[in-house]
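Accompanying notes for the structure given below.
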Amino acid sequence: MGTIGLPTPVVRTPTLDPGTSFTAHSEESLLDTFGRRARDLRISLTDFCNLRCSYCMPAEGVEFMPRDAAMSAEEIIRFARIGVERFCVDQIRFTGGEPLTRHDITDIIAGVAALTPRPNIALTTNAIGLDKRAAKLKEAGLDRINVSLDTVDADTFSEITRRPFLQRVLDGIQGAKDAGLDPVKINAVLLPGVNDTQAPDLLQWCLDHGLSLRFIEQMPLDAGHSWDRGTMITAADVFALLEPRFVLTPDEAPRGAAPAEKFRVASREDPDTDLGDVGIIASVTRPFCADCTRTRLTAEGRVRTCLFSRTEVDLLAALRSGASDEEIANLWKGAHWAKLAGHGMDSADFTQPQRPMSAIGG
Numbered sequence: 020m021g022t023i024g025l026p027t028p029v030v031r032t033p034t035l036d037p038g039t040s041f042t043a044h045s046e047e048s049l050l051d052t053f054g055r056r057a058r059d060l061r062i063s064l065t066d067f068c069n070l071r072c073s074y075c076m077p078a079e080g081v082e083f084m085p086r087d088a089a090m091s092a093e094e095i096i097r098f099a100r101i102g103v104e105r106f107c108v109d110q111i112r113f114t115g116g117e118p119l120t121r122h123d124i125t126d127i128i129a130g131v132a133a134l135t136p137r138p139n140i141a142l143t144t145n146a147i148g149l150d151k152r153a154a155k156l157k158e159a160g161l162d163r164i165n166v167s168l169d170t171v172d173a174d175t176f177s178e179i180t181r182r183p184f185l186q187r188v189l190d191g192i193q194g195a196k197d198a199g200l201d202p203v204k205i206n207a208v209l210l211p212g213v214n215d216t217q218a219p220d221l222l223q224w225c226l227d228h229g230l231s232l233r234f235i236e237q238m239p240l241d242a243g244h245s246w247d248r249g250t251m252i253t254a255a256d257v258f259a260l261l262e263p264r265f266v267l268t269p270d271e272a273p274r275g276a277a278p279a280e281k282f283r284v285a286s287r288e289d290p291d292t293d294l295g296d297v298g299i300i301a302s303v304t305r306p307f308c309a310d311c312t313r314t315r316l317t318a319e320g321r322v323r324t325c326l327f328s329r330t331e332v333d334l335l336a337a338l339r340s341g342a343s344d345e346e347i348a349n350l351w352k353g354a355h356w357a358k359l360a361g362h363g364m365d366s367a368d369f370t371q372p373q374r375p376m377s378a379i380g381g
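Just so you know, we're using the working numbering here: the sequence shown kicks off at 20 and counts up by one.
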């Protein structure tokens with residue numbers, strides 16, 4: 020196992036036995052009891068990350084899963100094929116941890132790109148090393164990329180990530196653009212007293228570089244369980260931070276199941292000139308659970324129907340025990356049938372999931 024600093028114990032989310040806990044349906048889809056059908060599959064490739072962002076990991080680090088506990092490339096491609104062929108999954112996003120730390124990521128993307136019908140393939144990354152790999156990832160079949168970047172100030176970047184790697188991230192973003200990956204989206208989390216006042220500068224930087232910025236409300240998925248709803252930067256705060264320099268107008272394009280509310284951006288000095296767009300993902304204060312079309316597989320092949328799920332269903336154990344595609348599909352259907360109406364953060368009895376974001380996959 021890899022460790023950084025003094026490791027904390029690995030805490031796994033309890034699994035359920037779908038045969039006794041769930042009732043599936045006969046329809047060939049990932050349908051839940053609220054009528055939502057999942058066609059967007061998020062697959063975590065690893066729980067390892069080469070950054071230590073304060074809103075994701077504690078300063079002392081975490082203990083990572085054994086390498087053989089994670090899905091192999093062949094297992095990932097098989098799960099993706101089941102999703103595409105049986106459940107009409109048409110979007111697959113690879114996440115982590117940091118997915119670029121998988122040496123076989125190009126093979127994984129190529130295998131998924133060869134599926135029929137071919138899904139749209141995306142990647143969420145911190146972009147470290149992307150400048151050297153973007154062209155091969157694009158050639159393998161990668162369509163879109165999201166880069167996590169909370170600031171373009173080197174000192175603030177080091178404070179948030181506990182690593183002095185800002186230039187490596189910027190090089191990775193440029194490498195993605197040079198490879199023709201389009202769009203390149205930037206995901207940013209604002210932290211009070213750390214980078215919140217830098218929001219206008221980050222937006223301007225993204226507009227100047229032809230990048231689509233998405234501000235994401237900090238969610239209670241940090242390993243240290245220090246998230247505080249009373250001090251988090253909300254969507255309303257983001258609007259207030261941007262308002263002195265920018266005019267935001269709701270995008271007229273239908274949002275559909277997209278997590279981000281999109282806005283067209285103009286400057287206060289020239290409100291008639293469109294500069295680009297910005298999105299706000301307000302999972303906490305403006306939840307979009309009713310329109311959710313996502314299903315997730317953790318790096319060890321467990322179904323999570325929501326980032327905030329308290330239980331998981333182990334597909335990888337079934338696969339490694341010789342289960343057929345049909346048997347795996349039925350387990351998956353049963354798990355998704357039990358998807359809750361929402362994440363429940365407004366409930367008085369809400370409890371933060373045991374696993375942090377790095378162990379779940381975004």
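Glycine residues also receive a C-beta, built at the ideal position from the N, C-alpha and C atoms.
Within 8 Å, strictly: CB atoms of residue i and residue j
i	j	result
A57	T314	yes
R233	K204	yes
W351	L49	yes
T114	R61	yes
K281	T324	no
A173	D126	no
T65	A88	no
G320	L335	yes
R264	S286	yes
V188	N145	yes
N165	E117	no
L149	G191	yes
Alpha-carbon spacing of residue i relative to residue j, whole angstroms
i	j	result
G361	V303	11 Å
E82	A318	14 Å
Q186	A259	29 Å
L168	W356	35 Å
A129	T250	43 Å
C75	P85	20 Å
A301	A218	15 Å
L338	I179	39 Å
V257	F106	37 Å
L210	V297	18 Å
E288	P77	42 Å
T143	V208	14 Å
T396	A279	As shown, the chain starts at 20 and ends at 381. That puts residue 396 outside it, with no answer to give.
G194	T292	29 Å
A154	G160	10 Å
V213	I101	43 Å
K151	C225	22 Å
P306	D201	27 Å
L316	T253	28 Å
D227	T175	20 Å
L261	R97	44 Å
D220	E94	43 Å
K157	S63	19 Å
I147	C72	14 Å
A272	R283	11 Å
T39	L294	Its pLDDT being 47, under 50, T39 is placed unreliably by the model, and nothing is read from it.
T52	E345	21 Å
P28	P290	Confidence in P28 is poor, its pLDDT being 32 and thus under 50, which makes the residue's placement unreliable; the coordinate value appears in the next sentence. Looking at the two C-alpha atoms, the distance is approximately 53 Å.
Residue i, enclosing alpha helix (DSSP H) - first and last residue
i	result
I101	A92 to F106
Q193	L185 to D197
K157	L149 to A159
D256	A254 to L261
R339	L334 to R339
P219	A218 to D227
F176	A173 to T180
G361	Here G361 belongs to no alpha helix (DSSP H), and DSSP marks it neither H nor E.
T304	Segment: none, T304 is in no alpha helix (DSSP H) and carries neither H nor E.
T125	I124 to A132
Beta bridge counterpart(s) of residue i as assigned by DSSP
i	result
T143	N165
F282	P269 and V297
V208	I235
D59	Q110 and R313
L50	R56
E346	Bridge partners of E346: none, in fact.
V213	Bridge partners of V213: none, in fact.
First through last residue of the beta strand (DSSP E) which encompasses residue i
i	result
T114	Q110 to T114
R321	R321 to R323
At least three beta-carbon pairs within less than 8 Å, the stretch 104-113 to the stretch 138-145: yes
Inter-stretch contact (C-beta, 8 Å, three-pair minimum) for the stretch 330-341 and the stretch 294-312: no
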